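Note sheet for the following structure.
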DNA sequence: ACTCGGTCGTTGACGTGTCACCGGTATGGC
DNA sequence: GCCATACCGGTGACACGTCAACGACCGAGT
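Protein chains in written order, with full-length UniProt numbering: chain A, 1 to 160; chain B, 1 to 160.
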């Protein structure tokens, strides 16, 4: 019971360090976004997706898919952002069930204000510390792990 | 505006992939814990810290420090876990302000049940995909990034 | 003994993410 | 046209994390 059962202690230590790194970086980004533009990381993700979208608007479902979020999460987040004037809802004429989420001028401003600091922070805390080998390794690992999980999820009964 | 301003598109893609990897792995772990033992990842972290502690008990502050959580988060989490019988609170005789958090038999059982699947999942989705170079790279990156952030936080006025 | 700054843990309010479920709408087969 | 089915997005309840503020307590200096 001195360590977690059946796992290489070095691997366990690495897992802990990765967890710490992740929360530290997230924290730095959140704080920077809050300070620069008064928005959260989730706000930023939505604003980014809308900014790169055709006509600065997306259907709620497309937004969910582009971010890998659940639809209900999108709905809650968009409602809160609409309350603050960062986005607007609009009815979809071709599908009465659908909803467009549209970037407002205020939302575009907030994104423009925020993105510079966001990139700067990311560059400062993460990318500047990586050499080419690290980049290749990270990218390969991320892709392999995600692909592995997608393959597992696709199976009818993945475990047990 | 086609990509986020001033950042190498490859770096941006890597960041996205890292984010996806993180949430996928977290998701797999959460689901496994829920299925095996009916506990959350936060529950597991607390149970693990208590399991390796002397006498299966820790002061709330020590728990917070060992996990890098805020004290209030510990307090909320412990209250919820105490409601479910996974831990108990006990007064500290040497410091009347203090509180011991004590692992119960039910908590120890839940941790024993959960840890095997947790390790198995982690091994399956992550560690099994890593070679020695990846491990070294990840470990070095994690440590460098965290150290960098600690140094930044220590400064009186890091940015602007 | 007293006071005062610091520490311990808790609480309430708030924003957030997930889950189960719902009403309204589209769509393909009849 | 009609109907079963699937889909779209929203809602409410709940668990979670953060923040600011608090009461209780410790300990050092006087």
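We put the CB at the ideal spot given by N, CA and C, even for glycine.
Keep in mind that this is a model prediction, so the values were computed, not measured.
Beta carbon of residue i nearer than 8 Å to that of residue j
i: residue 139 of chain B; j: residue 132 of chain A; result: no
i: residue 74 of chain B; j: residue 86 of chain B; result: no
i: residue 68 of chain A; j: residue 125 of chain B; result: no
i: residue 137 of chain B; j: residue 137 of chain A; result: yes
i: residue 189 of chain B; j: residue 43 of chain B; result: Absent from the structure is residue 189 of chain B, since the part of chain B shown begins at 1 and ends at 160.
Spatial neighbours of residue i in its chain, beta-carbon cut-off 8 Å, leaving aside the 5 residues before and after
i: residue 142 of chain B; result: none
i: residue 93 of chain B; result: none
i: residue 51 of chain A; result: 103, 108, 111
Within chain B, the residues that residue i reaches when beta carbons sit closer than 8 Å
i: residue 129 of chain A; result: 141, 144, 145, 148
i: residue 20 of chain A; result: 68, 142, 146
Residue i in three-state terms, based on DSSP
i: residue 126 of chain A; result: coil
i: residue 100 of chain A; result: strand
i: residue 58 of chain B; result: strand
i: residue 88 of chain A; result: strand
i: residue 8 of chain A; result: coil
i: residue 45 of chain A; result: helix
i: residue 39 of chain A; result: coil
i: residue 107 of chain A; result: helix
i: residue 117 of chain A; result: helix
i: residue 53 of chain B; result: coil
i: residue 148 of chain B; result: helix
i: residue 95 of chain A; result: coil
i: residue 155 of chain A; result: In this prediction, residue 155 of chain A scores a pLDDT of 45, lower than 50, which makes its location untrustworthy; the coordinate-derived value is nonetheless stated afterwards. Of the three classes helix, strand and coil, the one that applies to residue 155 of chain A here is coil, per DSSP.
i: residue 69 of chain A; result: coil
Chain-ordered chain A contacts of residue i [CB-CB under 8 Å]
i: residue 137 of chain B; result: 133, 134, 137, 138
7 Å Cβ cut-off: residues of chain A touching residue i
i: residue 11 of chain B; result: 127
Neighbourhood of residue i by C-beta distance below 7 Å, restricted to the same chain and skipping five residues each side
i: residue 36 of chain A; result: 113, 114, 117
i: residue 144 of chain B; result: none
i: residue 155 of chain A; result: For residue 155 of chain A, the predicted structure reports a pLDDT of 45, less than 50, and the residue's modelled location is therefore unreliable. A value from the coordinates is still provided. Here the set comprises nothing.
i: residue 45 of chain A; result: 67
Same chain, Cβ closer than 6 Å to residue i, five either side skipped, listed in chain order
i: residue 102 of chain A; result: 57, 88, 90
i: residue 98 of chain B; result: 59, 92
i: residue 47 of chain B; result: 107, 111
i: residue 32 of chain B; result: 117, 121
i: residue 160 of chain B; result: In this prediction, residue 160 of chain B has a pLDDT of 28, which is less than 50 and means its spatial position is unreliable; nothing more can be read from the coordinates.
i: residue 66 of chain B; result: 49
Per-residue contacts from residue i into chain B (C-beta, under 9 Å)
i: residue 75 of chain A; result: Those do not exist, as residue 75 of chain A stays about 19 Å from chain B at its closest Cβ, beyond 9 Å.
i: residue 15 of chain A; result: 122, 126, 127
Neighbour list for residue i in chain B, Cβ cutoff strictly below 7 Å
i: residue 237 of chain A; result: Because residue 237 of chain A is not part of the residues shown, which for chain A are 1 to 160, the question remains open.
i: residue 28 of chain A; result: 149
Residue i: CB within 7 Å of a non-hydrogen atom of the ligand GDP
i: residue 149 of chain A; result: The ligand GDP is not part of this structure, which contains no ligands at all.
For the pair the segment 30-50 of chain B and the segment 116-130 of chain B, tell me if three or more CB-CB distances fall below 8 Å. Yes: the two stretches touch, three or more of their Cβ pairs being nearer than 8 Å.
Contact between the segment 119-127 of chain B and the segment 25-32 of chain B is defined here as three or more beta-carbon pairs at a separation below 8 Å; is this criterion met? Three or more Cβ pairs drawn from the segment 119-127 of chain B and the segment 25-32 of chain B lie within less than 8 Å of each other, which places the two stretches in contact.
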